[in-house]
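Just so you know, the sequence shown maps onto residues 994 to 1247 in my numbering.
C-beta atoms are modelled at their ideal positions from N, C-alpha and C, and glycine is treated no differently.
Structure, as structure tokens:
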Amino acid sequence: MEKIGLLTIHDTLNFGSLLQTMALYKAVEGLGCDITLIDYKNAAISRRESTYRLRDCRKPKDVCKAIFHHGFLERKRRCFWKFIGENMGVTRPFYGETIGESNELFDTFLVGSDMVWGMNITNFDFHYMLDFLDMDKKKIAFSSSVGERWPDRCDEKIGSLLKSFDFLSVREQLSAGWIAGLIGREVSTTCDPTMLWEEGFWMKYNDRKLAPEGNYILAYFRTDNKSTVRDAAAYGRKKNLPVYYINYKHGWSH
């Protein structure tokens, strides 16, 4: 059976990253394919997703984060990896200098979804565009997200890499247009993998004991200016419903 390696942004403290990883993994597995998650460690993402161990802190503000947040974030990371281990097969860790060795493991490489092509997120890591693959490997992208457009100086290299994909789809219509202009062919727009599954799939992983009782509003993402949380609070007052916000450093906020 053909072996498929999934390359995505999975080693984070972000619920969305974790759930999109599993959703895509399970969708491919459900097709009867032999798929394994590639445990690739991108340096920029590892820094951003730090749990602030005291020995890793380099700035005074990071020392404060280590004191107040490290314990919770470490428990959260352990829970995330327990969930991954219970639901997905995973390779050994790979790094920038060793990711090429994964060629020995897989026939097809699948990249997506999440912000895998967001250069401001990965610090211009072209491994997420599969620049390390041998010529005989198949390349597939499903709902790869770009977010902020990369600098024009990257167009030639990115165009060359993406032209070699056997199938390519992205999550945003804007990025589909950008990429189509680079590779000279139409680019499909597809949904986030979490949307591939109906409610029944997710209910298997739902622990109702952890959820508030009754109807409520959940704010999942906070912008830098906190407008999303303020808007959710205003909507809650209008509808007379409690509002909960998932605080990534402390858990629930109410």
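First and last residue of the uninterrupted beta strand (DSSP E) at residue i
i	result
residue 1086	1083-1087
residue 1014	Per DSSP, residue 1014 belongs to no beta strand (DSSP E); it is in the alpha helix (DSSP H), 1008-1022.
residue 1137	1131-1137
residue 999	996-1000
residue 1221	Unbroken run through residue 1221 is the alpha helix (DSSP H), 1220-1232; no beta strand (DSSP E).
residue 1240	1236-1240
For residue i: DSSP bridge partner residues
i	result
residue 1181	1162
residue 1028	997
residue 1169	DSSP, once it has assigned bridges, lists no residue as partnering residue 1169.
residue 1103	999, 1133
residue 1210	1236
residue 1033	1087
Integer-rounded CB distance, given that residue j should sit under 8 Å from residue i
i	j	result
residue 1101	residue 1131	4 Å
residue 1031	residue 1087	6 Å
residue 953	residue 1136	Outside the displayed range of the chain (994 to 1247) lies residue 953, so it cannot be described from this structure.
residue 1082	residue 1029	5 Å
residue 1141	residue 1113	5 Å
residue 1046	residue 1037	So it is not a contact: roughly 18 Å between Cβ atoms.
residue 1163	residue 1139	7 Å
residue 1212	residue 1236	6 Å
residue 1209	residue 1189	Not confirmed; about 26 Å, so no contact.
residue 996	residue 1125	In fact, because the Cβ distance is near 17 Å, the residues do not count as touching under 8 Å.
residue 1006	residue 1070	6 Å
residue 1161	residue 1154	Not quite, the Cβ-Cβ distance comes to about 11 Å (not below 8 Å), so this is no contact.
Range of the contiguous alpha helix (DSSP H) that encloses residue i
i	result
residue 1113	1112-1115
residue 1199	Where residue 1199 is concerned, there is no enclosing alpha helix (DSSP H), given that its DSSP letter is neither H nor E.
residue 1077	1053-1080
residue 1047	Here residue 1047 belongs to no alpha helix (DSSP H), and DSSP marks it neither H nor E.
residue 1153	1148-1156
Local Cβ density within 10 Å of residue i, reported as buried at 16 or more and exposed below that
i	result
residue 1216	exposed
residue 1245	With a pLDDT of only 49 at residue 1245, under the threshold of 50, the placement of this residue in the model should not be trusted, and no figure is reported.
residue 1011	buried
residue 1134	buried
residue 1056	exposed
residue 1159	exposed
residue 1049	exposed
residue 1035	buried
residue 1013	buried
residue 1225	buried
residue 1227	exposed
residue 1167	exposed
residue 1039	exposed
Three Cβ pairs or more, each shorter than 8 Å: is that satisfied between the segment 999-1007 and the segment 1107-1126? yes
Indicate whether the contact test is met: 3 or more Cβ pairs, each with one atom in the segment 1168-1181 and one in the segment 1192-1204, closer than 8 Å. no
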